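What follows is a single structure, written as structure tokens, with notes after it.
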């Protein structure tokens, strides 16, 4: 490569500093987004493995009522058991201010020697008598909470209020972040937990395995040990080694961010092409002179490819640096939300290489066409070139626009000017189209998520769930709940985990004449009173396992196989955040309780209240807790569950909108670049118009109208592109979480149209004002 080529390339870039800065900024935004997201996703995977390995998270977990201390050494003797921990668990309400909140209490025998689900005390010390230590994310619910404060909780056999003093704060990836589930996690000592449970033993067994592949045989051995000692057990959970709380939701979030980052990078490629096309156009005379003195086509091509490479290199280097910085911030935010330790997880070679490859590749590819165009122009045409191409006015589009008489003169001129630099305006049109497509897709995705969340509350009319720590109660207890003032409906429900074709699913026992579950039947029917051996399944399960109406399925519950006839398929794609189950199975309540091993006894009761506002629901639940305090009721409100969904939805929207803002910024840069070039090329025309009496306002109107026309045209193409893009994004979310009901309506299209006008209008205004400020005499002397 000749040095003069590099020297001229650097000179061309530095000559138009603002334009070069805008082009580099476009590449910077796209590369930074991709690097940040890829680095964050890789780091989170590594952090998850690290935290599981270093906190000794439980592989198997059971609820085992009143289990004695002697059980632990017996289970530790089993061949595949690495460690065993007895733990107490108690769920209730607490308050550190005026508001009652959900809390899960945990207790260990010895906080200095926890073998499974280890915790790290980051402030203060483990709890002693009359003390409590909170999981540190509780401060997201109570920011002012500190060591030495007192909290009140309801519990014990009388369900009365008790006071505890805060002794410290702990962190562990084994416990969910309080802000995710709007539920605090806290630790108390053994005697406090025994008072809560009303027993001398704990109620949970945690097991860490040597070989996770042997979990089924180890589970059988452990449950046989429970049976030999006549211990009541249930609620078995096996940890999925490839997942963690919120992983599905986090994966789709990162995927969406990556999609929008790639889209932003594509738009920045258009920006590079536009810039190089402008440089080639501006330098037609120089190209002609270079060719006249002997420069070859190869050298001309090399010149502009190097310019594109330099743009790409500058934007990529800055983008990679910013991407790692942004990735660190994003990683710390997500790590804190997931209670992951993320120190030391930052630099990733795959993110670095990908950032450089895509940044430079997009820039060079975008440069090829304008660079090739510079090599094909004859010397004479290049020397004679001015801002109007030889073909201007000759195409059928040019002639059609010339005949239009419906617009005022300046508007008509602006419209006709769009055909003067067809390639440049076509690229800008593409930039606006992609920006509009991204905006429309984000709006449609957001609306679809909201609509799906709302559909859950149309299916389940529940206002609260009530269970009792003293044990399951008979189904007839629902009648007692209905006598409580404020309770409208109360129904017994049972729930268990089942297995169909090696996949875990949720199994519900429901009254055949349920009024709380508003079933939506896609095909078949619902079951009737006294009907056994039949089930209705969700559409999610049916689709995943290719189950048809009237098929016979084998359902495993509590290690026993049962055969059921599928009589109905339901439109129910809802799933709780903490669930990794595939779909749902509904069966008659008495059948469910029989196969689950607690005949005529419900796992919990669902209730609706006569008024729906949170204050009334809370008051009704307090009445239930007080009246039935000897049964130790645990209550969960539906509105708090809804707040969790809305919080996650808001976080998704915030990040989506942030990416749209970045894409809109790149799109704005493209429009600014185009209109600025149009102003520069037509300075002599502007001078002629000004000398004929055109005002500053007319000049602004001319170039602003050009930008608005580009915005309108870009909107129509963006709407066509945005629809399949929105479909793609919703499908991605559906595959990673649960099926999303796609929403695309006229309001979304209208907002996209407004977005296109605002983007193109605001971007055109700056160069349009610049055109109005140039003096006529200076312009006419230009040449």
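Numbering (full-length UniProt numbering), first residue to last: 1 to 783.
Heads up, the beta-carbon is just placed ideally off N, CA and C, and yes, glycines get one too.
None of these values were measured; they are calculated from a predicted model.
DSSP, reduced to helix, strand and coil, places residue 633 within a strand of the structure shown. If you check the CB distance, residue 159 and residue 491 do not come in under 8 Å. Note: residue 769 is not bridge-paired with any residue in the DSSP secondary-structure output. By the criterion of a C-beta distance shorter than 6 Å, residue 233 is surrounded in its chain by 62, 64, 226, once the five residues flanking it on both sides are discounted. Cβ atoms of residue 583 and residue 537 come within 8 Å of each other, at about 7 Å. If you check the CB distance, residue 168 and residue 162 do not come in under 8 Å.
By the CB criterion at 8 Å, residue 547 and residue 563 fall outside the cutoff. The beta carbons of residue 99 and residue 640 sit no closer together than 8 Å.
With fewer than 16 neighbouring CB atoms inside 10 Å of its own CB, residue 661 falls in the exposed class.
Straight across, the Cα-Cα distance linking residue 759 with residue 368 is about 28 Å. Annotation: residue 154 to residue 94 spans about 7 Å, alpha carbon to alpha carbon. Cβ atoms of residue 267 and residue 663 come within 8 Å of each other, at about 6 Å. The three-state reading of DSSP puts residue 426 in helix, counting H, G and I together.
Leaving aside the five residues that flank residue 299 on each side, the residues in its chain whose CB is nearer than 8 Å to its CB run, in chain order, 2, 5, 290.
According to the DSSP assignment, residue 323 belongs to the alpha helix (DSSP H) that extends over 297-338. Secondary structure of residue 234 (DSSP, three-state): strand.
When the alpha-carbon of residue 708 is set against those of 671, 542, 697, the nearest one is in 671. In the same chain as residue 301, and ignoring 5 residues on each side of it, the C-beta atoms closer than 6 Å to its own belong to 371, 375, in chain order. Boundaries of the beta strand (DSSP E) around residue 204: 202-209. For a cut-off of 8 Å, the C-beta gap from residue 125 to residue 109 is around 17 Å, too long to register as a contact.
In the DSSP assignment, the residues bridged to residue 588 are 510. Counting only the Cα atoms, residue 350 lies some 43 Å from residue 706.
In this chain, the beta strand (DSSP E) harbouring residue 186 covers 183-188. Excluding the 5 residues flanking it on each side, residue 128 has same chain C-beta neighbours closer than 7 Å at 167, 189, in chain order. Per the DSSP secondary-structure output, residue 165 pairs in a beta bridge with 131, 150. The region 755-770 and the region 593-601 do not touch, with fewer than 3 CB-CB distances between them shorter than 8 Å.
DSSP, reduced to helix, strand and coil, places residue 743 outside both helices and strands of the structure shown, so it counts as coil. Burial check for residue 353: the Cβ neighbour count within 10 Å stays below 16, so the residue is exposed.
Relative to residue 135, the option among 147, 172, 146, 113 whose CA is nearest is 172. In this model, residue 18 and residue 767 are separated by some 12 Å (Cα to Cα).
DSSP places residue 542 in the uninterrupted alpha helix (DSSP H) bounded by 539-545. Approximately 6 Å separates the beta-carbon atoms of residue 130 and residue 164; this is inside 8 Å, confirming the contact. Pairing residue 318 with residue 308, the inter-Cα distance amounts to about 16 Å. Assigned with DSSP and collapsed to three states, residue 566 falls in strand.
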